[in-house]
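Below is one structure; the comments refer to it alone.
Here is the structure:
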């Protein structure tokens, strides 16, 4: 279990919070807010990158934007997986972690309904959980740059094909997929990204706000985590190689996960410039989900910039707040 002091040394978000739940390496953060809306917002980040991307700087924090708008906001921090976490499965993440997290959020907020917001693979996890629980229309589901149709996964999908990626061999040798290997893969997807960010910053080094933003993004971009071995194998084999979420063949707790069982209002957001999760992969969810209230929207900024760059404050945050406003009473 991660003690609060340990989390404080690894979580670099900017919005005041308290820890309201802990389970193994995972902690659940509740942000300070003057609550106006009844339905709480639960944010689920990716397993392989740090959660504070959703709370990066004062001017680019989705957590801050939501709390200032009057939402009761929670964020899952998955922690830093170790060798002892190599057996963690996708099913355990859904049933042992997210199920319990949602119940804790409902208890604390005194609301049976909630808004579940997932970013990147956190959005796919949110879909898996929502499909398993057949999330009703009184709730909300928001996915940000979340892969759904893995056949539309671009270059990453090609690299993950069975003839190129021996995921079993990697996990046999290392247990988990090491953080530096995860970082290498995503660096190869965007090999000039860090250089371009440094060049863009070079003319703003006298601006204290720009310096703070660059430092925060640079720290996050170099703060990858290991991918728990069993979950990594399942993610690659079930999704990138078999596309079993799209074909409705993935099972959680003995049930086939069918997005048609999700009746919650859905906001699906993608970025056309996303090299990690192409917009076509995210867009497919709007045709698969069973909700009668579906909004699909594209924003600027790329995979990371859409949630933590200039485009986030200008485009994504207003979009989410406007959409949630009429669905959170």
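Residue numbers (the working numbering): 3 to 331.
Glycine included, each C-beta is placed from N, C-alpha and C at the ideal position.
These figures come from a predicted structure and were not determined experimentally.
Residues of its chain near residue i, where Cβ-Cβ distance is below 6 Å and the 5 sequence neighbours each way are ignored
{"i": "residue 3", "result": "Residue placement at residue 3 cannot be trusted, given a pLDDT of 43 that sits under 50; the coordinates are not used to answer."}
{"i": "residue 143", "result": "118, 132, 266 and 268"}
{"i": "residue 126", "result": "148 and 149"}
{"i": "residue 330", "result": "39 and 41"}
{"i": "residue 242", "result": "152, 159 and 162"}
{"i": "residue 34", "result": "18"}
{"i": "residue 261", "result": "133, 290 and 291"}
{"i": "residue 73", "result": "39 and 43"}
{"i": "residue 137", "result": "264 and 266"}
Residue i, buried or exposed, once every other Cβ within 10 Å from all chains shown has been counted against 16
{"i": "residue 166", "result": "exposed"}
{"i": "residue 211", "result": "exposed"}
{"i": "residue 84", "result": "exposed"}
{"i": "residue 36", "result": "exposed"}
{"i": "residue 79", "result": "buried"}
{"i": "residue 200", "result": "exposed"}
{"i": "residue 20", "result": "exposed"}
{"i": "residue 86", "result": "exposed"}
{"i": "residue 174", "result": "exposed"}
{"i": "residue 312", "result": "exposed"}
{"i": "residue 249", "result": "exposed"}
{"i": "residue 213", "result": "exposed"}
{"i": "residue 286", "result": "buried"}
{"i": "residue 45", "result": "buried"}
Host alpha helix (DSSP H) of residue i (start-end)
{"i": "residue 134", "result": "123 to 135"}
{"i": "residue 308", "result": "304 to 310"}
{"i": "residue 97", "result": "That residue, residue 97, is in no alpha helix (DSSP H); it is neither H nor E in DSSP."}
{"i": "residue 32", "result": "From DSSP, residue 32 is part of no alpha helix (DSSP H) but of the beta strand (DSSP E) over 28 to 33."}
{"i": "residue 86", "result": "No alpha helix (DSSP H) holds residue 86; DSSP gives it neither H nor E."}
{"i": "residue 70", "result": "64 to 70"}
{"i": "residue 287", "result": "287 to 290"}
Whole-number beta carbon distance between residue j and residue i, since they are thought to touch under 8 Å
{"i": "residue 118", "j": "residue 128", "result": "5 Å"}
{"i": "residue 303", "j": "residue 263", "result": "About 32 Å; that fails the 8 Å criterion."}
{"i": "residue 239", "j": "residue 169", "result": "7 Å"}
{"i": "residue 62", "j": "residue 314", "result": "5 Å"}
{"i": "residue 271", "j": "residue 305", "result": "With a Cβ gap of about 12 Å, residue 271 and residue 305 do not count as contacting."}
{"i": "residue 12", "j": "residue 82", "result": "7 Å"}
Nonlocal neighbours in the same chain, by C-beta distance under 7 Å from residue i, ignoring five residues either side
{"i": "residue 134", "result": "96, 254, 255, 257 and 259"}
{"i": "residue 274", "result": "281 and 300"}
{"i": "residue 68", "result": "43 and 75"}
{"i": "residue 309", "result": "55, 56, 64, 121, 146 and 318"}
{"i": "residue 226", "result": "50, 51, 181, 184 and 185"}
{"i": "residue 283", "result": "149, 150, 151, 152, 154 and 155"}
{"i": "residue 236", "result": "91 and 92"}
Boundaries (first-last residue) of the beta strand (DSSP E) holding residue i
{"i": "residue 142", "result": "142 to 146"}
{"i": "residue 270", "result": "267 to 272"}
{"i": "residue 170", "result": "Element bounds for residue 170: not the beta strand (DSSP E) but the alpha helix (DSSP H), 169 to 176."}
{"i": "residue 116", "result": "First-last for residue 116: undefined, no H or E at that position."}
{"i": "residue 211", "result": "Per DSSP, residue 211 belongs to no beta strand (DSSP E); it is in the alpha helix (DSSP H), 210 to 223."}
Check whether residue i and residue j have beta carbons under 8 Å apart
{"i": "residue 53", "j": "residue 77", "result": "yes"}
{"i": "residue 88", "j": "residue 231", "result": "yes"}
{"i": "residue 228", "j": "residue 181", "result": "yes"}
{"i": "residue 215", "j": "residue 59", "result": "yes"}
{"i": "residue 108", "j": "residue 114", "result": "yes"}
{"i": "residue 323", "j": "residue 140", "result": "no"}
{"i": "residue 223", "j": "residue 179", "result": "no"}
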